[in-house]
Amino acid sequence: MKKGSATVAQLSGFDEIIDVRSPAEFAEDHIPDAVNMPVLDDEQRARVGTIYKQVSPFEARRIGGALVAENLARHLHAHFQDKPKHWRPLVYCWRGGQRSGAFVTWLRMVGWDACQLEGGYKTFRRQVIEALDALPPTLDFRIVSGPTGSAKTRILEALAAAGAQILDLEGLAAHKGSVLGALPGIAQPTQKHFETALYEALAGFTPTQPVFVEAESRKIGRVHVPTALIEAMRAAPCITIDASREARIDFLLRDYAYLGDDVADLQFKLGCLNRIVSKETLTRWQDYAAAHDLPALFTELIDQHYDPLYKRSQNGNYQHFADAIRIRADDLTPAGITAVAGAILAHTSG
4 MKKGSATVAQ LSGFDEIIDV RSPAEFAEDH IPDAVNMPVL DDEQRARVGT
54 IYKQVSPFEA RRIGGALVAE NLARHLHAHF QDKPKHWRPL VYCWRGGQRS
104 GAFVTWLRMV GWDACQLEGG YKTFRRQVIE ALDALPPTLD FRIVSGPTGS
154 AKTRILEALA AAGAQILDLE GLAAHKGSVL GALPGIAQPT QKHFETALYE
204 ALAGFTPTQP VFVEAESRKI GRVHVPTALI EAMRAAPCIT IDASREARID
254 FLLRDYAYLG DDVADLQFKL GCLNRIVSKE TLTRWQDYAA AHDLPALFTE
304 LIDQHYDPLY KRSQNGNYQH FADAIRIRAD DLTPAGITAV AGAILAHTSG
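Per the working numbering, numbering of the sequence shown is gapless, rising by one per residue and ending at 353.
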């Protein structure tokens, strides 16, 4: 390994990780905890790339070099004036080339022990893909299942508060996993960013202890659960939350109350069901939305859409669903959810 370079395995040994790619590249995905200090912004990168292809590599480097120097100077003034001499940053770009090389050169000229990541983000991404294949089979997953409204995500949070290991796929996906699952004002991550977050979570688990995870389909909103993970989940023991219909409806009314704030958006989401429910049913549900009658809407959604879908999908997708541990839940208030989590731990300990 050449002087001033580092490998992915050495990421934790640096005071700061700096991603010098463009903002768009950074937004698609980045190494966890990295900060974005682009040497070329999105417009500049596109401009230099066009010149490289249409004019010449030399002309692209001549113009790009000037832009990089300007941006480096700005970053040095804005972000590094308070860094002590012993500060040690790691810098990366797409594949450990000229962008991160220029940044590291200037930082080292100042006197900091800056290093360039060998292979850049591309090498990190390869490690993520390999780990997402290798890690799931080594973990002891326990699947928390139950029909819509069973407070499964909140139960996972209660399990975590009790010290258990959990994998919150819906939290990482920023989506509740159903046609109404989009979170208000929160965009879902890209597939790559979702996978990086998954990798970070899986790598942090202790293999000898259970990992509780909610039963999910392969797709959560617009992101997909990697194959090795969904296969490991589908082969894992199941715990079913046997919640009463009344408790589920009450929970949904609390947990999805925000849906009543934007009637047009709720009606649009309901419209996505037009291929699987009759026109008359869909019209009635959209009328409920317009009237802010969420109790009627959620009751019919549970009875006519979510419960039938659940019965079909869980039996077919999860191998041990039929012999799952069943936890009765007539109370899905915070106190009731804590009690359910305690019952799960009592049944799965040892």
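Cβ atoms here follow ideal geometry from the backbone N, Cα and C, with glycine treated the same way.
(request) Spatial neighbours of Asp265 within its chain, please: CB distance less than 7 Å, with the 5 preceding and 5 following residues excluded, ordered by chain position. (result) Here residue 265 is taken as the residue at index 262 of the sequence shown, counted from 1. Answer for Asp265: no residue qualifies.
(request) State the Cα-Cα distance for the pair His308 and Met236, rounded to the nearest angstrom. (result) Counting from 1 along the sequence shown, the entry for residue 308 is found at position 305. Counting from 1 along the sequence shown, the entry for residue 236 is found at position 233. Approximately 24 Å between the Cα atoms of the pair.
(request) May I have the straight-line CA-CA distance separating Pro35 from His82, to the nearest angstrom? (result) Here residue 35 corresponds to residue number 32 of the sequence shown, with the count starting at 1. Here residue 82 corresponds to residue number 79 of the sequence shown, with the count starting at 1. Roughly 19 Å between the two C-alpha positions.
(message) I need the DSSP call for Ile347, collapsed to helix, strand or coil.
(response) Position 344 of the sequence shown, counted from the start, is the residue given in the question as residue 347. Three-state result, Ile347: helix.
(message) In this structure, how does DSSP classify Ser316 when only helix, strand and coil are distinguished?
(response) Within the sequence shown, the letter at position 313 stands for residue 316. Three-state result, Ser316: helix.
(request) Using beta-carbon positions only, say whether Phe324 and Ser148 come within less than 8 Å of one another. (result) To locate residue 324, count along the sequence shown from 1; it is residue 321. To locate residue 148, count along the sequence shown from 1; it is residue 145. Yes, Cβ-Cβ distance for Phe324 and Ser148 is below 8 Å.
(message) If distances are taken between C-alpha atoms only, which option among Lys195, Glu133, Leu79 comes closest to His227?
(response) As a working mapping, residue 227 is identified with position 224 in the sequence shown. Comparing Cα positions, the closest option is Lys195.
(request) Using only alpha-carbon positions, find the residue among Asp22, Leu172, Ile340 that is nearest to Gln101. (result) Taking the sequence shown and counting its residues from 1, one reaches residue 101 at position 98. Nearest option by C-alpha distance: Asp22.
(request) Under 8 Å by Cβ, that's how I've got Ile340 and Ile223 pegged, so tell me the actual separation to the nearest angstrom. (result) Along the sequence shown, read from residue 1 onward, the residue named residue 340 stands at position 337. Along the sequence shown, read from residue 1 onward, the residue named residue 223 stands at position 220. In fact, because the Cβ distance is near 21 Å, the residues do not count as touching under 8 Å.
(request) Rounded to whole angstroms, what's the CA-CA distance from Ile244 to Asp143? Just pull it up for me. (result) Counting from 1 along the sequence shown, the entry for residue 244 is found at position 241. Counting from 1 along the sequence shown, the entry for residue 143 is found at position 140. For Ile244 and Asp143, the distance between alpha carbons rounds to 19 Å.
(request) Let me know if Ala164 comes out buried or exposed under the rule of 16 or more other beta-carbons within 10 Å of its beta-carbon. (result) For the purposes of this step, residue 164 is identified with residue 161 of the sequence shown, where counting begins at 1. Exposed, by the Cβ-count rule.
(message) Check this for me: beta carbons of Ser103 and Gln119, under 8 Å apart or not?
(response) Working through the sequence shown from its first residue, we reach residue 103 at position 100. Working through the sequence shown from its first residue, we reach residue 119 at position 116. Cβ atoms of Ser103 and Gln119: closer than 8 Å.
(message) Going by DSSP in three states, Arg64 sits in which element: helix, strand or coil?
(response) The residue you call residue 64 lines up with position 61 of the sequence shown. Helix, per DSSP.
(request) Just grab the DSSP bridge partners of Glu217 for me. (result) Mapped onto the sequence shown, residue 217 falls at position 214. Paired residues: Val147.
(request) Label Ala9 either buried or exposed according to how many other C-beta atoms from any shown protein chain fall within 10 Å of its C-beta, with 16 as the threshold for buried. (result) Translated into the one-based positions of the sequence shown, residue 9 becomes position 6. Per the 10 Å Cβ criterion, buried.
(request) Give me whichever residues DSSP pairs with Thr243 in a beta bridge. (result) For the purposes of this step, residue 243 is taken as residue 240 along the sequence shown, with counting starting at 1. DSSP lists Ser148, Arg329 as partners of Thr243.
(request) Go to Asp22, then tell me how far its beta strand (DSSP E) extends in each direction, as first and last residue. (result) Locating residue 22 in the sequence shown gives position 19, counting from the first residue. Per DSSP, Asp22 belongs to the beta strand (DSSP E) from 19-22.
(message) Taking its Cβ as the centre, do 16 or more other Cβ atoms sit within 10 Å of His80, making it buried, or is it exposed?
(response) Your numbering for residue 80 matches position 77 in the sequence shown. Exposed is the call here.
(message) To the nearest angstrom, how far is the alpha carbon of Leu121 from that of Val58?
(response) Within the sequence shown, the letter at position 118 stands for residue 121. Within the sequence shown, the letter at position 55 stands for residue 58. Here the sequence assigns Glu to residue 121, which means Leu is not the residue at that position. Approximately 30 Å, taken between the alpha carbons.
(message) So, under 8 Å CB-CB, Ala167 and Leu348 are touching, yes? Tell me the CB distance rounded to an integer number of Å.
(response) As a first step, residue 167 is located in the sequence shown; it is residue number 164 there, counting from the start. As a first step, residue 348 is located in the sequence shown; it is residue number 345 there, counting from the start. The pair is a contact, with the Cβ atoms about 7 Å apart (cut-off 8 Å).
(message) In chain order, what are the residue ranges of uninterrupted alpha helix (DSSP H) at least 4 long that sit wholly in the segment 48-133?
(response) 60-82, 101-113
(request) Can you grab the Cα-Cα spacing for the pair Phe29 / Cys275, in whole Å? (result) Taking the first residue of the sequence shown as position 1, residue 29 is located at position 26. Taking the first residue of the sequence shown as position 1, residue 275 is located at position 272. If I take the Cα positions, the gap works out to 32 Å.
(request) Taking all protein chains shown into account, decide if Asn277 is buried (16 or more other Cβ within 10 angstroms of its Cβ) or exposed. (result) Residue mapping note: residue 277 aligns to position 274 of the sequence shown, counting from 1. By the neighbour-count rule (16 or more Cβ atoms within 10 Å), Asn277 is not buried but exposed.
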